[in-house]
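So for the sequence shown, the numbering used here puts the first residue at 384; every next one is plus one.
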Amino acid sequence: MDELFTDLEKLAKVEKRVAMATLVGTRGTSPKREGAKMWVGEEGRILGSVTIGGCVDARVIADAEQALATSQPRLLQVDLGDEDAWELGLSCAGSLDVLIEPFDLTTPNNALVETYRAVRSAIDQGKTVAIVTPLKGGAPRLIVGEGENADLDDEVRKVALDLMRKRRSAT
């Protein structure tokens with residue numbers, strides 16, 4: 384998580400707008416686990432990866448550019464069959480879901496940026512937190528932490544608390 388905050392602050396010094404791509408779902412084999420992050424800056428800077436590079440990350444970059452152009456989040460679904468993966472030179476085959484979210488780093492009180500800064504503050508205070516992000520629709524993110532579960536239904540609260548105990552990301 385420290386890398387996420389470091390990357391966000393580093394980009395805020397040199398980019399006005401960035402897209403954060405998060406690997407939110409995997410089915411079959413995948414080189415990275417859910418929660419892997421990649422940043423794509425409006426000026427072309429790239430930090431991190433949701434796979435191991437190659438054609439999938441190239442698709443993520445293209446979709447990130449679209450997310451930045453429209454200022455709307457996108458859910459990219461990449462399905463690679465065994466033959467497709469082999470032809471592309473990938474060592475794995477499966478399906479990936481990548482959530483791509485645009486961040487405007489120049490807007491004061493940007494909700495997305497403030498959410499991550501609040502998470503960092505909570506972690507710095509020794510709290511355990513999770514961010515619940517709806518993959519469809521425009522509902523805001525919710526921070527779930529010790530005693531901070533007010534706006535969540537029981538099922539979401541239960542899953543989020545379980546994932547926090549396991550220190551995992553999941554869809």
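All C-beta atoms in this analysis are idealised placements derived from N, C-alpha and C, irrespective of residue type, glycine included. These numbers were taken from a predicted model, which means no experiment stands behind them.
Expressed to the nearest angstrom, what Euclidean distance is found between the alpha-carbon atoms of residue i and residue j?
| i | j | result |
| --- | --- | --- |
| Glu-417 | Arg-428 | 23 Å |
| Ala-395 | Met-421 | 15 Å |
| Thr-389 | Arg-500 | 11 Å |
| Asp-536 | Ser-454 | 28 Å |
| Ile-444 | Arg-400 | 14 Å |
| Leu-518 | Glu-426 | 26 Å |
| Gly-437 | Val-423 | 15 Å |
| Leu-387 | Leu-430 | 10 Å |
| Thr-489 | Asp-385 | 22 Å |
| Arg-540 | Gln-508 | 21 Å |
| Pro-491 | Ala-402 | 17 Å |
| Thr-516 | Leu-544 | 14 Å |
| Ala-452 | Asp-462 | 25 Å |
| Arg-442 | Glu-398 | 21 Å |
| Leu-391 | Val-542 | 27 Å |
| Lys-549 | Gly-411 | 22 Å |
| Asn-493 | Ser-504 | 16 Å |
For residue i, which residues does DSSP report across the bridge?
| i | result |
| --- | --- |
| Met-547 | In the DSSP output, where bridge partners are listed per residue, Met-547 has none listed. |
| Ala-402 | Val-423, Pro-485 |
| Gly-528 | Val-512 |
| Thr-409 | Leu-479 |
| Leu-430 | Trp-422 |
Among residues of its own chain, excluding the 5 on either side of residue i, which ones have a beta-carbon nearer than 7 Å to its beta-carbon?
| i | result |
| --- | --- |
| Leu-495 | Glu-484, Phe-486 |
| Arg-457 | Asp-446, Gln-449, Ala-450, Ile-483 |
| Ile-514 | Thr-498, Val-502, Arg-524, Ile-526 |
| Ile-435 | Pro-414 |
Between residue i and residue j, which are expected to be in contact by the criterion C-beta below 8 Å, what is the C-beta distance as a whole number of angstroms?
| i | j | result |
| --- | --- | --- |
| Val-407 | Thr-554 | 5 Å |
| Gly-477 | Ser-413 | 5 Å |
What residues in its chain sit with their C-beta under 6 Å from that of residue i, if we drop five residues either side in the sequence?
| i | result |
| --- | --- |
| Asp-480 | Val-407, Gly-408, Gln-460 |
| Thr-405 | Lys-420, Leu-482 |
| Asp-440 | Ser-432, Thr-434 |
| Ser-552 | Glu-417, Gly-418 |
Check your understanding: Counting only runs that start and end within the segment 432 to 520, where is the beta strand (DSSP E) found for 3 or more residues in a row?
Key -> 457 to 463, 477 to 487, 512 to 515
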